Amino acid sequence: MRRTVARALIRPLVLAATLTAIPLTGAAPVAADSVVVGGFPIDVSQAPWTVALSSRDRFGGTRAGQFCGGVAITRTTVLTAAHCLTDDVLGAPPNRVHDLKVIAGRTNLLADEGQEIDVQEVRVNPHYDPDANTGDFGVLTLAEPLPRSSVVTMAPEGDPVYTPGTKALVTGWGDTSGGGAYARHLHAARVHVLADSRCARAYPGGPEGTYRPGSMLCAGEVEGGPDACQGDSGGPLVASGRLIGLVSWGSGCGRPGNPGVYTRVSDVLHTLETAAAGPQKAPGSA
Ligand code: ARG
Numbered sequence: 000m001r002r003t004v005a006r007a008l009i010r011p012l013v014l015a016a017t018l019t020a021i022p023l024t025g026a027a028p029v030a031a032d033s034v035v036v037g038g039f040p041i042d043v044s045q046a047p048w049t050v051a052l053s054s055r056d057r058f059g060g061t062r063a064g065q066f067c068g069g070v071a072i073t074r075t076t077v078l079t080a081a082h083c084l085t086d087d088v089l090g091a092p093p094n095r096v097h098d099l100k101v102i103a104g105r106t107n108l109l110a111d112e113g114q115e116i117d118v119q120e121v122r123v124n125p126h127y128d129p130d131a132n133t134g135d136f137g138v139l140t141l142a143e144p145l146p147r148s149s150v151v152t153m154a155p156e157g158d159p160v161y162t163p164g165t166k167a168l169v170t171g172w173g174d175t176s177g178g179g180a181y182a183r184h185l186h187a188a189r190v191h192v193l194a195d196s197r198c199a200r201a202y203p204g205g206p207e208g209t210y211r212p213g214s215m216l217c218a219g220e221v222e223g224g225p226d227a228c229q230g231d232s233g234g235p236l237v238a239s240g241r242l243i244g245l246v247s248w249g250s251g252c253g254r255p256g257n258p259g260v261y262t263r264v265s266d267v268l269h270t271l272e273t274a275a276a277g278p279q280k281a282p283g284s285a
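Position one of the sequence shown corresponds to residue 0 (numbering that gives the first Met the number 0), numbered consecutively onward.
This is the structure we're talking about:
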């Protein structure tokens, strides 16, 4: 039971209909105007590192096949959440999803601005634990480069942007209502980095999941409101122009006392560096 609920919580768009129909934790979705809940529409030029992961084959064409977010960390490398690349979400291993693409430079999913780029290689963090949601990241290699201006720097460990109270922006095409209203237009929400103790209290290890400060980052607003939501997973949380988190999980969206949980980017860097230095090719194959 615990495992079922925890897994359901991290499911993105593909099970949106089910999630909407069956309130997992009993509470009603928070009413909010908009990502991202409690956010606002923005132009992709304001956060050009934000990309959409797409498979029209798996998710249909009404929203250009968008099912998760991602973020460009080099001109040909995109980070996303590992849980976005699971069979659970894709219905098949990622290498069997033949039209897996990254959409960049496109504010409105149905417009034809920007680029649609084939994914050449998918690597899931070999340390990703789907039950604990730890190490929730994967690396996509693109078949063509993005513009240099689309790349965001990853904040290393010890960077002051990880300090609680830091203002950050999360962007994505996910649910804007907590009730299954998937956006076509890119949205953003302003949140603060919160102390690990906040998320530890919110997620002590019940059915909603356990907060692990080593590989996760806590962000949101104490009183609820702005937050990422289903469909935003894998997308960026950026502070002072540096990437600090990837949308990973949470209980509901924007609820008071239930902040958003992000993959901690300093831990991603650490894993990538360790793998690159080690005897094996980084970071493992899916
Ligand atoms: N797991 C969701 C996804 O796959 C992201 C949920 C984030 N939730 C939150 N309250 N911040 O799209």
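We put the CB at the ideal spot given by N, CA and C, even for glycine.
This structure is a prediction, so every number in the text was calculated from the model and none was measured.
The closest heavy atom of the ligand ARG lies 8 Å or more from the beta carbon of Ala51. With a cutoff of 9 Å on beta-carbon distance, Tyr161 and Ile72 are scored as not near each other.
Under a 10 Å Cβ-count criterion, Gln229 is classified as buried, with 16 or more other Cβ atoms of the shown protein chains found around its own Cβ. With respect to the 9 Å criterion, Gly38 and His269 are not classified as neighbours on the basis of their beta carbons. Per DSSP, Ala71 is one residue of the beta strand (DSSP E) stretching across 65-73. A residue is called buried once 16 or more other Cβ atoms fall within 10 Å of its Cβ, and Ala51 is buried on that count. Rounded to whole angstroms, the gap between the alpha carbons of Glu120 and Val151 is 20 Å.
With contacts defined by Cβ atoms closer than 9 Å, Gly137 and Cys198 do not form a contacting pair. For Val267, the CB contacts under 6 Å within the same chain, skipping 5 residues up- and downstream, are Phe136 in chain order. Contact between Cys252 and Gly177 holds, with the beta-carbon distance rounding to 4 Å and staying under 8 Å.
Its chain contains Val138, Leu139, Thr140, Leu141 as the residues whose beta carbon lies nearer than 8 Å to that of Thr76, once the 5 sequence neighbours on both sides are disregarded; these appear in chain order. In the structure shown, Cys198 falls within a helical segment according to DSSP collapsed to helix, strand and coil. Taking 3 residues as the shortest admissible run, the region 169-227 contains the following complete beta strand (DSSP E) segments, listed from N- to C-terminal end: 186-192, 203-205, 215-219. Rounded to whole angstroms, the gap between the alpha carbons of Gly234 and Ala274 is 23 Å. Look at Ser250: its beta carbon is less than 8 Å from one of the heavy atoms in the ligand ARG.
The closest heavy atom of the ligand ARG lies less than 8 Å from the beta carbon of Gly259.
Take the alpha-carbon of Thr262 and the one of Pro203: they are about 17 Å apart. Looking at the backbone, the Cα of Leu108 and that of Thr61 are separated by about 9 Å. DSSP lists no bridge partner for Thr165. Collapsing the DSSP output to three states places Glu120 in a strand. For Asp195, the closest alpha carbon among the candidates Arg183, Arg211, Thr170, Ala188 is that of Arg211. In the three-state reduction of the DSSP assignment, Ala46 falls in the coil class. Between Arg183 and Trp172, the gap from beta carbon to beta carbon is short of 9 Å.
Restricted to the region 78-133, the beta strand (DSSP E) segments that are unbroken, complete and at least 3 residues in length are 100-103, 114-123, listed in chain order. Shortest Cα-Cα distance from Gly104 to any of Glu220, Asp130, Gly68, Gly90 involves Gly68. In terms of side-chain proximity, the C-beta atom of Gly230 is found nearer than 8 Å to a non-hydrogen atom of the ligand ARG. Just so you know, the alpha carbons of Arg57 and Asp117 end up roughly 15 Å apart.
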